[in-house]
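Undergrad:
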Amino acid sequence: LYKAALAMCTFKPEEKRETQIRMAEALLNARHGTEAPKMFVAAAEGADRLTIVDISNPAAPVYAGSVTHATQLNAAVSMELAGDYAYVTAYTGNCLTIVNISNPSSPSITGSVCDNTYLFDARMLSLSGKFAYVPTFVANRLTVVDISNPAAPVIVGSIQSSTALEQSWAAAVSGGYVYVTSRIDDQ
């Protein structure tokens, strides 16, 4: 069985698969020191899938399994891992989807919340306790989702600002605060 050392990665659609795997391995090494990871989970930006790759032999990565969904994982862009679950945002699907990854050869969608207002163009989430914090790029919003029941995530709060949260991209939680970055395109 797999002994999991998992990492979150996002990729640009034009990056080649070999580049994606090398990036994932580098991130795993940075997060886990010299200990060799056993499994890797990737959400490929722009795709509708979550893929698991066994990297117990880093020189020969092997496909382990994947799950697809045309809506809930439509344009999967970001992922965080906690326990047996991957929490995936999909910016075209406007969703936060929770995937059970306890069986790497057969990951399955456990629950999802999709919302065209509060999760419109969802980006790089952060987890803290029983909550997911999801910035939204076009909607200029930060949305809080209660994930205590993976089968039924619920939006519990949101803040929107076209200036302070303009083109929100990523979130990080520390000490009772959520830090949100923006990616503003210069014209």
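If you count the sequence shown from 1, position 22 lands on 4 in the numbering used here, and the numbers rise without skipping.
Ideal Cβ positions, reconstructed from N, Cα and C, are used throughout, including at glycine.
Using a Cβ-Cβ cut-off of 8 Å (strictly less than) and excluding sequence neighbours within five positions of alanine 64, which residues of its own chain qualify?
TA: Correct list, in chain order: Leu109.
Undergrad: Among Asn82, Ser150, Leu107 and Val155, which residue has its Cα nearest to the Cα of proline 132?
TA: Residue Asn82 is the option with its Cα nearest to proline 132.
Undergrad: Is leucine 107 helix, strand or coil when you go by DSSP?
TA: Correct three-state label for leucine 107: coil.
Undergrad: Alpha carbon to alpha carbon, what distance is there between asparagine 85 and threonine 92?
TA: One C-alpha to the other measures close to 13 Å.
Undergrad: Assuming contact is defined by CB atoms lying nearer than 8 Å, are valine 116 and alanine 104 in contact in what I supplied?
TA: Their beta carbons are under 8 Å apart, which means valine 116 touches alanine 104 by this criterion.
Undergrad: In the DSSP assignment, the beta strand (DSSP E) including arginine 203 goes from what residue to what residue?
TA: In this structure the chain extends from -17 to 169, so residue 203 is not present and cannot be described.
Undergrad: Helix, strand or coil for isoleucine 80 per DSSP?
TA: DSSP places isoleucine 80 in strand when its eight states are reduced to three.
Undergrad: Going by other Cβ atoms of all chains shown within 10 Å of its Cβ, with 16 needed for buried, is valine 95 buried or exposed?
TA: Buried is the call here.
Undergrad: Helix, strand or coil: which one does DSSP assign to serine 156?
TA: Of the three classes helix, strand and coil, the one that applies to serine 156 here is strand, per DSSP.
Undergrad: Which stretch, first to last residue, makes up the beta strand (DSSP E) that contains proline 117?
TA: Counting along the chain, the beta strand (DSSP E) containing proline 117 begins and ends at 113 to 118.
Undergrad: So what does leucine 63 bridge to, in DSSP terms?
TA: Answer by DSSP bridge pairing, in chain order: Ala68.
Undergrad: In the DSSP assignment, find the beta strand (DSSP E) that holds threonine 145 and state where it starts and stops.
TA: Threonine 145 -> no beta strand (DSSP E), and no H or E assigned at all.
Undergrad: I'd like the list of long-range same chain contacts for threonine 50, defined as Cβ closer than 7 Å, with 5 residues on each side in sequence excluded.
TA: Closer than 7 Å at Cβ, skipping near neighbours: Asp30 and Arg31.
Undergrad: Ignore the nearest five residues each way along the sequence and tell me which others in tyrosine 73's own chain have a CB closer than 6 Å to its CB.
TA: Taken in chain order, the residues that qualify are Ala57, Val59, Asp103 and Ala104.
Undergrad: Is the CB-CB distance between phenylalanine 119 and serine 150 below 8 Å?
TA: Cβ atoms of phenylalanine 119 and serine 150: closer than 8 Å.
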